[in-house]
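Right, one structure below, let's go through it.
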DNA sequence: ACAAAAGTGTTGTTACTACACCCATGG
DNA sequence: CCATGGGTGTAGTAACAACACTTTTGT
């Protein structure tokens, strides 16, 4: 009897990068050149090197694609169905990242046909099993938003209560009463006014706030 | 310049198998024979074959260790720090399983020194990074218990309200008021009385219940 | 008759929802 | 002075926590 074949599974990372932009929740997609997925879109990803952790891989990819380096990043789930890549056995440790849209500057490389933000409600056809990854990532994001202070990673340093409310409304796909929202958020003691106002618009200037802590805390928000 | 080394990462699965037994939350551990971890305890695990998914690997291992096959199983997290295995680069897709203690029959193999249930509050020294896996698994279990109907997988088919309350008290490490607990659980409409009573004890016989659905549903329970 | 767990309701308190008007600014 | 979003309080309701005694069985 011949020796059993040695394990030959490739480990990759795919990262769903979210931002809130033009009133919509968007994810970053790259358009692929290589066969058999030519023209299809996919979340940015790559193989894990022998000497790096999957988190390091994700950070590296994030930097390559967006230039950003200090973002919220979290492991999502490992996708491993046998046929998810048509050519080889590749398992993907998927992660998701949150970025304030003001901080991003998309890099175009000739590795891909295109790189673009897509509203998650109108995603194009995706390569591999990325449709499943998308679904899982959106679910996780919604859950995080409800039970943690993670919204800090989607806003810039200084923001108004209305900005914050918009983030919740857009991602959770609801509308909330302004007064109730403010009461709730302020009671949680997650954010503090910085004593400045954002003016320059044709209306009353809004008080600016910042998050007290920029790291994950579990709090029931909505 | 030589070619860069091809990726050589081994993919394994480790499964934390929980049960509630003798009034305590317990996890199944095997005691290792092979160096350099001889004598240390670890969660049961193994390599993923080229032709199986990680879930299939987990199911296979579960069957080998406990003989049980129809249990709750969920992917937990992928652990991938570079030094987690002293000998090779191995990443572990950890999962956790829940078993009703009445259904188990531990199999002993000569592959391990010993196989045993350990109360999670008194775990021995663990091999690899299994201490981290344990922590993550316990956190996840507590969360699942609070937000889902998952308790069905820890009880036998028929159980009393007190049995159910014990599961919550033991795992969440709290005590709850009997009347409030019953009101809450019954209002959620997750369980139904089967019309039988459990007698034979020196006290009033207790009504027996069963879960309506034996699959994951998200409900706020506690 | 006694021990041991099962079973059952009410009341006070708290948290949440619904809701409408005045304010400050730029044009 | 008008349009635009910013900012604020109250009252009714529903959900939750606290709490103690009676019932049924086996010995």
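Protein chains in written order, with full-length UniProt numbering: chain A, 1 to 222; chain B, 1 to 222. Where is the CB? At the ideal position from N, CA and C, for every residue including glycine.
Which same chain residues end up closer than 6 Å to residue 124 of chain A when comparing Cβ atoms and leaving out the 5 residues on each side of it in sequence?
Closer than 6 Å at Cβ, skipping near neighbours: 41.
Would a C-beta distance cut-off of 8 Å place residue 95 of chain B and residue 74 of chain B closer than the cut-off?
yes
Just to confirm the assignment: which complete alpha helix (DSSP H) runs, minimum length 4, are found wholly within the stretch 94-167 of chain B?
130-147
Under the three-state reduction of DSSP, which class applies to residue 185 of chain B: helix, strand or coil?
helix
Using the C-alpha atoms, what's the distance from residue 137 of chain B back to residue 69 of chain B?
If you take the alpha carbons of residue 69 of chain B and residue 137 of chain B, they lie about 20 Å apart.
Using a beta-carbon distance below 8 Å, is residue 10 of chain A in contact with chain B?
yes
Under the three-state reduction of DSSP, which class applies to residue 17 of chain B: helix, strand or coil?
strand
Pull up the distance between the alpha-carbon of residue 168 of chain B and that of residue 145 of chain B, whole angstroms please.
7 Å
Looking at C-beta atoms only, is the number of pairs between the stretch 6-17 of chain A and the stretch 179-198 of chain A that lie closer than 8 Å three or more?
no
Thinking C-alpha only, which one of B:81, B:148, B:99 is nearest residue 27 of chain B?
B:99
Can you name the start and end residues of the beta strand (DSSP E) that residue 57 of chain B belongs to?
Here residue 57 of chain B belongs to no beta strand (DSSP E); instead the alpha helix (DSSP H) covers 54-66.
Taking the beta strand (DSSP E) that residue 74 of chain B belongs to, which residues open and close that run?
72-79
Under 7 Å, CB to CB, which of the residues in the stretch 92-103 of chain B have a partner in chain A?
93
If you drop the 5 nearest sequence neighbours on each side, which residues of the same chain put their C-beta closer than 7 Å to that of residue 129 of chain A?
79, 81, 84
With a threshold of 8 Å between beta carbons, is residue 48 of chain A in contact with chain B?
yes
Less than 8 Å separating the beta-carbons of residue 115 of chain B and residue 30 of chain B?
Result yes, Cβ atoms of residue 115 of chain B and residue 30 of chain B sit closer than 8 Å.
Quick one: list the residues of chain B neighbouring residue 148 of chain A, beta-carbon separation under 9 Å, in chain order.
What residue 148 of chain A touches in chain B: nothing, since even the nearest Cβ is about 12 Å away.
Closer than 8 Å is the cut-off here; do at least three beta carbon pairs connect the stretch 149-161 of chain A with the stretch 190-210 of chain A?
yes
Excluding sequence positions up to five away, which residues of its chain have a Cβ less than 8 Å from the Cβ of residue 134 of chain A?
16, 27, 43, 120, 123, 126
In this structure, does DSSP put residue 179 of chain A in helix, strand or coil?
helix
Is there a Cβ from chain B that is less than 8 Å from the Cβ of residue 15 of chain A?
Closer than 8 Å: no.
Give a yes or no on whether the minimum CB-CB distance between residue 174 of chain A and chain B is below 8 Å.
Answer no: the Cβ-Cβ gap between residue 174 of chain A and chain B never drops below 8 Å.
Determine, using beta carbons only, whether residue 184 of chain A comes closer than 8 Å to chain B.
no
Note the first and the last residue of the continuous beta strand (DSSP E) segment covering residue 239 of chain A.
With chain A running from 1 to 222 in the structure shown, residue 239 of chain A is simply not present.
Which chain A residues sit within Cβ distance under 8 Å of residue 75 of chain B?
77, 78
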